[in-house]
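Asker: Here's a structure for you.
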Amino acid sequence: MRRDAQRLIFLLLPAGIFFAAFFLLPMAKLFFIGGSGKTGWAAYAAILVDSNYFGSLVSTLAVAAATTVATLIISGISGVFLQRHKFPGNAALVAMLTFPLAFPGVVIGFMVIMLAGRQGLIGQVTEALTGDKLVFAYSLSGLFMGYVYFSIPRTILTVMAAAEKLDPKLEEAARSLGASPWRVVLDVIIPGLKPAFISAGAICFATAVGAFGTAFTLAARINVLPMVIYTEFTLSANIAMAAALSFVLGAVTWIVLALARTAAGSTVAAAG
Amino acid sequence: MKHRGLFLLQLGFTLLVTAFLIVPVVLSILAGLTVNYFVGLESGLTLRWVIEVWTGYRETIFLSIGLSLACLAVTLVLGVPTAYVLAKRQTALTRAIEELLVMPVAVPGLATALALIVTYGSVSGFRTSWLFILVGHVLFTLPFMVRSVLAVLSAIDLQTLEEGAASLGAGFWQRFCHVVLPNCRSGILAGSLMVVTLSMGEFNMTWLLHTPLTKTLPVGLADAYASLRLEVGSAYTLVFFLMIMPLLLALQAFAKPRTPKFVAEEAE
Chain B
3 MRRDAQRLIF LLLPAGIFFA AFFLLPMAKL FFIGGSGKTG WAAYAAILVD SNYFGSLVST
63 LAVAAATTVA TLIISGISGV FLQRHKFPGN AALVAMLTFP LAFPGVVIGF MVIMLAGRQG
123 LIGQVTEALT GDKLVFAYSL SGLFMGYVYF SIPRTILTVM AAAEKLDPKL EEAARSLGAS
183 PWRVVLDVII PGLKPAFISA GAICFATAVG AFGTAFTLAA RINVLPMVIY TEFTLSANIA
243 MAAALSFVLG AVTWIVLALA RTAAGSTVAA AG
Chain C
0 MKHRGLFLLQ LGFTLLVTAF LIVPVVLSIL AGLTVNYFVG LESGLTLRWV IEVWTGYRET
60 IFLSIGLSLA CLAVTLVLGV PTAYVLAKRQ TALTRAIEEL LVMPVAVPGL ATALALIVTY
120 GSVSGFRTSW LFILVGHVLF TLPFMVRSVL AVLSAIDLQT LEEGAASLGA GFWQRFCHVV
180 LPNCRSGILA GSLMVVTLSM GEFNMTWLLH TPLTKTLPVG LADAYASLRL EVGSAYTLVF
240 FLMIMPLLLA LQAFAKPRTP KFVAEEAE
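Chains B and C supply the protein sequences, listed in that same order. Here the first sequence is numbered in our numbering, starting from 3 and rising by one per residue. Here the second sequence is numbered in our numbering, starting from 0 and rising by one per residue.
Listed below in structure tokens is the structure:
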């Protein structure tokens, strides 16, 4: 028995050493560097006190919240629909909807530019229709669009997996008792999908808070926290502030995911 | 009649969502093959931009492939034994370890990259080598390997299999190599595909970890988007699509629900 325990520890050792050396130690160091700037430990409060940082925190959280709501509504409708109705072409639609699953943030940003950028499709269409060119890729709306694009594939997969486990008998019962389709959705389907919504929503939120590639590609002057951290680090060389801000950002994301995991009762992890 | 209307409404909505995701992909593929995207398709099709990308950014493609394979090797060595331990002992401690391992995925890549830079940035030979990026990628992809293998190991009756082997006289390492590993093959394969795909596309960390001599494919893409004409950026994106397409197709095939196996498969 003791030998067994020893072997297990031995098997854990490589990953343990790697993780301690390259994650735990650097994170601890980041925490202390965050408090070593000219403002000291007050740097950690700056995100709430300094109006600039607070402003970017608010817009970061607002974009993330909007992304989460929009993605859940879109993926909820399409995910349940695709799971319930098996028509010819269903598999092709699912394949297309999940194709962008592994696109990195930079590529997502480029997709937004193809749609809403200066030479984008939306601009061409609106110019032909109204004479005015609608270009919104390089703003918070463009970022929002990118994050929704990024989140739809993985959320649809989660919703479809959960919808598969819903018991159709419950809906039939509700219907036979005279519930309208709308009431069935509200009282049967949405409560049944709640755990999936919570865990998928948390992932949407966390990735939208921490993602950097999309904002970087759209660039211009999008005032979200990851961009602020990047600017503090590279342009202002204010490493202490960048460290404090990214530590706070990491903590926020981690707490959101941990809360969601408690609420949904299943394991939740962000990706991308 | 009412139901039919509802069906068509939902179908229409789903088609719109699909268009939202796929139209920009098609547009960018076309742009990468068009002589002048601003003029349109009538300017003709060309491979000029793809060739330009190949001559200018070839190294980023090779580096990304090498990096993702190295990342795969490291996550296999670190991840499979970890998953085995987590499957064997389900205690508060192993749950805490699992929780910790997922942190680099939960914490924004920017924060992890900064932490690595402030800690190891001054180790000059390390900072400028591709190994620095590899460390970041391994941190980010390791949880996916561990979870994928763990999922398979939790679905099979590991205890019985191992006891059976032990009663026939197999030692610990024999059991690990000849019973445990072959049984989590499908988990290892799914995890490997995930690791390679994620490593190939990682940008959040890589952008801070890279140096001018260690540019990966997504870093090159960001460069091209920022400084080159739209057609070149599109052609580069096309190359990226071609590279991840087989990985994605394989992943999708794997995502299909599988029935959990409770007995060992026949040995080959």
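Even for Gly, the Cβ is constructed at its ideal location relative to N, Cα and C.
(1) Using a Cβ-Cβ cutoff of less than 7 Å, which residues in the same chain neighbour His136 of chain C once the five nearest sequence positions on both sides are dropped?
(2) Cα separation between Phe218 of chain B and Ala48 of chain B?
(3) To the nearest angstrom, report how far apart Pro16 of chain B and Val79 of chain C are at their CA atoms.
(4) Could you please tell me which residues of the segment 65-81 of chain B, in chain order, have their CB closer than 7 Å to any CB of chain C?
(5) When the distance is taken between beta carbons, is Val148 of chain C closer than 7 Å to Ile116 of chain C?
(6) Quick one: Cα of Tyr140 of chain B to Cα of Asn225 of chain B, how far?
(7) Nearest to Leu74 of chain B by CA position, among B:Pro183, B:Ala175, B:Met162, is which residue?
(8) What residue from C:Leu192, C:Ile64, C:Asn182 has the CA that sits closest to Leu157 of chain C's CA?
(9) So, with DSSP's three-state summary, where would you put Leu44 of chain C?
(10) Between Gly39 of chain B and Leu32 of chain B, what straight-line distance do the alpha-carbon atoms span, to the nearest angstrom?
(11) In this structure, does DSSP put Thr159 of chain C in helix, strand or coil?
(12) Taking 8 Å as the limit between beta carbons, can you name the residues of its chain near Met193 of chain C, skipping five residues before and five after?
(13) Using a Cβ-Cβ distance under 7 Å, would Lys31 of chain B count as near chain C?
(14) To the nearest angstrom, how far is it from the Cα of Leu251 of chain B to the Cα of Gly212 of chain B?
(15) Exposed or buried, which one is Tyr213 of chain C when buried takes at least 16 other CB atoms within 10 Å?
(16) With three or more beta-carbon pairs closer than 8 Å as the criterion, would you say the segment 194-204 of chain B touches the segment 164-172 of chain B?
(17) In chain order, what residues of the same chain lie with their CB nearer than 6 Å to the CB of Ser77 of chain B, ignoring the 5 residues before and after it?
(18) Where does Thr210 of chain C sit, in a helix, a strand or coil, going by DSSP?
(19) Return the CA-CA distance between Leu131 of chain B and Val137 of chain B, expressed in angstroms with no decimal places.
(20) If we define contact as Cβ-Cβ less than 7 Å, is Gly144 of chain B a contact residue for chain C?
(21) What three-state label does DSSP hand Val262 of chain C in the structure shown?
(22) By DSSP, does Thr215 of chain C sit in helix, in strand, or in coil?
(23) Using the beta-carbon count (16 or more within 10 Å), is Met244 of chain C buried or exposed?
(24) Which chain B residues sit within Cβ distance under 7 Å of Ala114 of chain C?
(25) Could you compute how far the alpha carbon of Ala68 of chain B sits from the alpha carbon of Arg4 of chain B?
(26) Could you check which residue in B:Gly18, B:Ala242, B:Gln8, B:Gly203 has the C-alpha nearest to that of Leu99 of chain C?
(27) Under the three-state reduction of DSSP, which class applies to Met0 of chain C: helix, strand or coil?
(28) Alpha carbon to alpha carbon, how far is Thr74 of chain C from Phe175 of chain C? Give it in angstroms, no decimals.
(29) Just tell me which of B:Thr62, B:Ala30, B:Phe83, B:Ser61 has its CA closest to the CA of Leu8 of chain C.
(30) Leaving out five residues before and five after Arg177 of chain B in sequence, what residues of the same chain have Cβ atoms less than 7 Å from its Cβ?
(31) Do you know offhand how far Pro228 of chain B's Cα is from Tyr55 of chain B's?
(32) To the nearest angstrom, report how far apart Leu103 of chain B and Val109 of chain B are at their CA atoms.
(33) Among the residues of its own chain, which have a CB less than 8 Å from the CB of Lys87 of chain C, if the five just before and after it don't count?
(34) Taking buried to mean at least 16 other C-beta atoms within 10 Å of its own C-beta, is Arg263 of chain B buried or exposed?
(35) Can you give me the start and stop residues for the alpha helix (DSSP H) that Ser61 of chain B sits inside?
(36) So who's on the other strand from Ile33 of chain C, going by DSSP bridges?
Answerer: Checking against the coordinates, here is how it stands:
(1) Leu66, Cys70, Ser198, Glu201
(2) 23 Å
(3) 11 Å
(4) Ile76, Ile79, Ser80
(5) no
(6) 11 Å
(7) B:Met162
(8) C:Asn182
(9) strand
(10) 12 Å
(11) helix
(12) Thr140, Phe143, Met144, Ser147, Leu250
(13) yes
(14) 7 Å
(15) Sequence check: residue 213 of chain C is Thr here, not Tyr. Result: buried.
(16) yes
(17) Ile154, Thr157, Ile158, Val161
(18) coil
(19) 14 Å
(20) no
(21) Unreliable placement is indicated for Val262 of chain C, whose pLDDT of 42 sits below 50; no coordinate value is reported for it.
(22) coil
(23) exposed
(24) Pro28, Met29, Lys31, Leu32
(25) 53 Å
(26) B:Gly18
(27) The predicted position of Met0 of chain C is uncertain, since its pLDDT is 49 and thus under 50; a value taken from the coordinates is nonetheless stated next. Coil at Met0 of chain C, not helix or strand.
(28) 17 Å
(29) B:Phe83
(30) Val186
(31) 11 Å
(32) 11 Å
(33) Leu157
(34) buried
(35) 53-86
(36) The amino acid at residue 33 of chain C is misidentified as Ile; the sequence shows Thr. Partner(s): C:Leu44.
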